[in-house]
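Structure first, then comments.
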Amino acid sequence: MATQAFEEIVEDFEFIEDWEDRYRYVIEQGKEMDPLDDALKVPATKVEGCASQVWLHPKINDGVFRFDGDSDAMIVRGLIALLRKLYNGLTLGEVLAVDARAEMARLGLNEHLSSQRSNGLRAMIERIRAVAAG
Numbered sequence: 002m003a004t005q006a007f008e009e010i011v012e013d014f015e016f017i018e019d020w021e022d023r024y025r026y027v028i029e030q031g032k033e034m035d036p037l038d039d040a041l042k043v044p045a046t047k048v049e050g051c052a053s054q055v056w057l058h059p060k061i062n063d064g065v066f067r068f069d070g071d072s073d074a075m076i077v078r079g080l081i082a083l084l085r086k087l088y089n090g091l092t093l094g095e096v097l098a099v100d101a102r103a104e105m106a107r108l109g110l111n112e113h114l115s116s117q118r119s120n121g122l123r124a125m126i127e128r129i130r131a132v133a134a135g
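Put into structure tokens, the structure is as follows:
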């Protein structure tokens, strides 16, 4: 289960065969995101387990999950953008039902991220699931 915004990324990836071009696409997604306000870059929003600095700021309104995020690494910022497209606008129950690893695997990311980046992605997904679980 994925949002329409994430499905559009999956469709885009089907047309991008070269992994370096896919990498650039992910980075571009991150560049299009608004930066997280520095006031929100605090220990409570920092994600541990990432090689780079990562902050996720979740918001739940009327049972609908959304989050903003930021990183000091361009590729990680892009991964945050992909996760936002995967999760933003879902109910808390839907967030918990998403198999994020399987969804991200549809993009071929598992084979192309370093182990540190994969661990960071897993840490971000765990943080999102923990927030949704309450």
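In our numbering, the protein residues as written are 2 to 135. The beta carbon of each residue, even a glycine, is placed where N, CA and C say it ideally should be.
C-beta contact flag for Leu83 and Met125 at 8 Å: One-based indexing of the sequence shown puts residue 83 at position 82. One-based indexing of the sequence shown puts residue 125 at position 124. In this structure, Leu83 sits away from Met125, with a CB-CB distance that is not shorter than 8 Å.
Run of the alpha helix (DSSP H) containing Asp1, from where it starts to where it stops: Beyond the ends of the chain as shown, which are 2 and 135, falls residue 1; an answer cannot be given.
C-alpha gap between Asn111 and Asp63, whole angstroms: Reading the sequence shown from its first residue, position 110 is the one you call residue 111. Reading the sequence shown from its first residue, position 62 is the one you call residue 63. Looking at the two C-alpha atoms, the distance is approximately 34 Å.
Ala3 and Glu104 closer than 8 Å at C-beta: The sequence position of residue 3 within the sequence shown is 2, counting from 1. The sequence position of residue 104 within the sequence shown is 103, counting from 1. Yes, they are a contact pair.
According to DSSP, residues forming a beta bridge with Lys86: Here residue 86 refers to the residue found at position 85 of the sequence shown. As DSSP reads the structure, Lys86 sits in no beta bridge.
Nearest neighbour of Arg67, chosen from Gly50, Leu93 and Val77 [CA to CA]: Numbered from 1 along the sequence shown, position 66 holds the residue referred to as residue 67. Taking only the C-alpha atoms, the option nearest Arg67 is Leu93.
Close beta carbons around Arg102, own chain, < 6 Å, minus the five adjacent residues each side: Locating residue 102 in the sequence shown gives position 101, where the first residue counts as 1. Correct list: empty, nothing qualifies.
Cα-Cα separation, Arg118 to Ala74: For the purposes of this step, residue 118 is taken as residue 117 along the sequence shown, with counting starting at 1. For the purposes of this step, residue 74 is taken as residue 73 along the sequence shown, with counting starting at 1. C-alpha separation (whole angstroms): 10 Å.
Beta-bridge pairing of Leu57 - partner residues as DSSP gives them: On the sequence shown, residue 57 is found 56 positions in, with the first residue counted as 1. In the DSSP output, where bridge partners are listed per residue, Leu57 has Gly70.
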